[in-house]
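Accompanying notes for the structure given below.
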Amino acid sequence: MSQQQAAGSFWQGVLSQIRDRVTEQQFDTWFKTVEPTSCSEDTIELTVPNSFSREWLRKKYADLILGAAASANGGRRPTLRITVREGGDNEPDDVAVMTATAEANGARRGADQDADHHAVLTENVGAARPHPGSSSSTASALEAARGAWLNPEYRFDTFVVGSGNRLPYAASMAVSEKDQRVYNPLFVHGGVGLGKSHLLQAICAAWRARRPSARIRYVPCEQFINQFITAVEKGALESFRKRYREVDLLVVDDVQFLAGKERTQEEFFHTFNALHQRQQQIVVSADVSPREIPGLSERLVSRLRWGMVCEVEAPGYETRLDIVRQCADRLGQELPEEVSAFISESVRTNVREVEGAVTRVIGHAHLSGQEINIAEAREVLRDLVVERRRRVTIDHIAQAVTRHFEVKLAELQSKKRTQAVAVPRQICMFLARRLTGLSLEEIGGFFGGRDHSTVLYGVDRITARSRDDVALRDTVEQLATQALSVAGS
Ligand code: ADP
Ligand code: MG
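All residue numbers for the sequence shown refer to the working numbering, where the first residue is 116 and numbers rise by one.
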């Protein structure tokens with residue numbers, strides 16, 4: 116293996132740790148474009164596309180990177196060197212997003228956003244400033260930054276299809292390939308790391324390939340929100356609207372962030388209408404279904420449900436095994452069959468973790484110079500396996516809830532609908548949705564074979580009631596903590 120390959124696998128191991136500690140947006144913005152050139156026990160050398168990224172990584176993330184490297188390195192902290200890639204700051208960007216200069220600023224904002232808008236806006240001022248020492252290269256540096264949003268690896272042909280994601284995959288393909296608007300909007304929801312962004316970006320890539328002149332816009336919802344706020348402040352609403360309404364395909368990732376942002380919601384609502392009326396395609400993702408997003412206006416919920424709403428579910432064993440193989444393949448390394456099986460068996464929650472486990476195993480083998488074998492794999496993934504034992508299940512939740520309300524599990528699973536049983540049951544459903552990867556159907560199954568709409572109703576009730584009812588909200592929080600501690604014990 117070349118030095119570069121070795122550096123690559125070591126870096127993948129570092130990345131998989133960083134992933135757990137930053138938001139997805141931060142990860143996508145700041146870490147996807149980093150390339151390792153050499154990694155040894157003493158030094159890590161990374162290259163980045165522009166000086167802005169370099170400064171940002173140096174200032175904000177150096178500790179995180181070094182900490183992760185140290186733990187992948189047996190505790191020893193290497194030196195970190197970050198340089199701008201040759202041709203960096205000037206590289207043309209060939210990503211399929213149409214993005215104005217200002218938008219790339221937005222990308223940066225999104226990356227460091229806090230829940231609090233004020234914090235975001237103050238942060239923006241510095242972040243949005245062109246990086247030092249350039250005026251002519253600013254635009255291209257900004258373009259490079261915007262590229263961070265579309266990952267060239269997120270395509271249909273790299274998407275492993277299994278029972279948990281067949282429907283969203285088929286719907287995404289249909290949206291990309293059919294010239295009629297078969298599903299408009301397409302709404303894809305599901306837990307973290309299950310491939311929503313992958314599918315959404317695959318749609319963009321496929322549209323681009325099929326319709327080279329189409330105006331395509333992919334935007335993480337947080338970025339949409341930030342740009343809207345900035346546009347309002349600067350009185351630049353007109354250009355904001357132009358940017359989002361004069362497109363053929365608008366893809367908005369993670370719209371659960373619209374929760375509680377009333378003005379942005381309203382703007383999004385009008386954007387939606389404008390596009391939908393002209394039969395332009397809209398694709399949206401969120402971590403839950405439209406009705407489960409708290410604080411989303413009724414009229415927006417209803418629009419989001421106009422087309423196709425589908426869920427990506429956690430992959431089953433076979434799918435995980437396919438993903439393990441594909442991932443190893445991409446890293447240029449064949450895994451012994453029992454190692455692939457072990458990883459697929461041990462890492463169950465989401466695809467991102469499966470990929471993280473594969474890169475850790477391979478990275479570790481390269482560093483230690485040993486063949487990959489099952490004993491090594493077990494050792495390397497020991498913490499993940501322990502982690503799994505700690506994961507909350509619906510039984511943990513039921514245990515905490517039945518104890519608190521002094522009801523029997525059998526009653527929750529019965530047909531009884533008295534308040535005294537219905538409320539704890541709905542709380543269980545709500546918590547199961549939040550804390551486990553179970554689908555609505557699976558949760559319904561646990562409660563005596565109720566159908567998914569009953570579960571959805573239960574989740575809705577708790578979401579709606581806990582908005583005003585502080586006591587209920589506290590109880591739910593408390594029960595969540597208890598379920599987590601039952602799971603951890
Ligand atoms: P989400 O947006 O749902 O949180 P992502 O789309 O970011 O999840 O997926 C997390 C990681 O897992 C990505 O690297 C993605 O490419 C990969 N991934 C998810 N689902 C699949 C799949 N079915 N086949 C191949 N890779 C997948
Ligand atoms: Mg995503």
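Idealized CB from N, CA, C, for every residue including glycine.
Return yes when at least one heavy atom of the ligand MG lies under 7 angstroms from the C-beta of residue i, else no.
i	result
K147	no
E139	yes
D589	no
D369	yes
S312	yes
Starting from the C-beta of residue i, find all residues in its chain whose C-beta is less than 6 angstroms away, skip the five residues before and the five after it, and write them out in chain order.
i	result
G221	The predicted model places G221 with a pLDDT of 35, which falls under 50 and marks its position as unreliable; any figure quoted below should be read in that light. Closer than 6 angstroms at Cβ, skipping near neighbours: Q338, N341, Q342.
G375	G410
V149	L161, V163
V276	Y284
V495	R475, V476, H479
D231	Unreliable positioning characterises D231 in this predicted model, as indicated by a pLDDT of 24, which lies under 50. A coordinate reading is not provided.
A346	L352, F355
R576	Q541
F387	R418
R548	V574
Q132	A183
R169	V163, I197, V199
Excluding the 5 residues preceding and the 5 following residue i in the sequence, name in chain order all residues of the same chain whose CB lies nearer than 8 angstroms to its CB.
i	result
Y432	S459, E460
T649	No answer is possible for residue 649: it lies beyond the span of the chain, which begins at 116 and ends at 604.
D437	V275, G277
R325	S291, E292
A602	R505, R506, V507, T508, H511
A492	V454, F457, I458, V476
A177	L195
H481	M116, Q120, A121, S124, F125
Q441	T273, V275
G308	T464, N465, V466, R467, E468
N488	P451, V454
Quick one: measure Cβ to Cβ for residue i and residue j, integer angstroms, because I've assumed they're closer than 8 angstroms.
i	j	result
P409	D369	Wrong, their Cβ atoms sit about 14 angstroms apart, outside the cutoff.
Q395	D363	5 angstroms
V469	R435	5 angstroms
C543	L555	Not really, about 13 angstroms apart at Cβ, beyond 8 angstroms.
I512	L546	5 angstroms
V129	A184	5 angstroms
Q316	L282	So it is not a contact: roughly 18 angstroms between Cβ atoms.
L172	W145	6 angstroms
V398	V366	5 angstroms
L301	S287	7 angstroms
G563	S600	Wrong, their Cβ atoms sit about 27 angstroms apart, outside the cutoff.
L587	V516	Going by Cβ atoms, the distance from L587 to V516 rounds to 13 angstroms, so no, they are not a contact pair.
G472	G306	One detail in the question is off: residue 472 reads as Ala in this sequence, not Gly. The pair is not a contact, with the Cβ atoms about 17 angstroms apart (cut-off 8 angstroms).
Could you pull out every residue in the same chain whose Cβ sits closer than 7 angstroms to the Cβ of residue i, ignoring the five residues on either side in sequence?
i	result
A401	H304, D369, V370, Q371, I408
R330	M213, E361, V362, D363
W126	P151, C154
H69	Residue 69 lies beyond the range of the chain shown here (116 to 604); nothing can be said about it.
G123	P151
E381	none
Any heavy atom of the ligand ADP closer than 7 angstroms to the Cβ of residue i?
i	result
I318	no
T273	yes
I458	no
G305	yes
N280	yes
I438	yes
G559	no
R467	yes
E556	no
A470	The identity of residue 470 in the sequence shown is Glu, whereas the question assumes Ala. Indeed, a heavy atom of the ligand ADP lies less than 7 angstroms from the Cβ.
L309	yes
Y269	yes
Uninterrupted beta strand (DSSP E) stretches inside the region 407-452 (no shorter than 3 residues): 423-426
Whole beta strand (DSSP E) elements within the region 289-332, 3-residue minimum: 301-304
Ignoring anything shorter than 3 residues, give me the beta strand (DSSP E) runs that lie fully in the region 379-405, in order along the chain. 396-401
With a floor of 4 residues, list each alpha helix (DSSP H) that falls wholly inside the region 160-194, ordered by position along the chain. 166-171, 177-187
Alpha helix (DSSP H) runs wholly inside the region 488-523, at least 4 long, in chain order: 489-495, 497-504, 509-520
Any chance you could list the alpha helix (DSSP H) runs of at least 4 consecutive residues sitting entirely within the region 117-146, in chain order? 118-134
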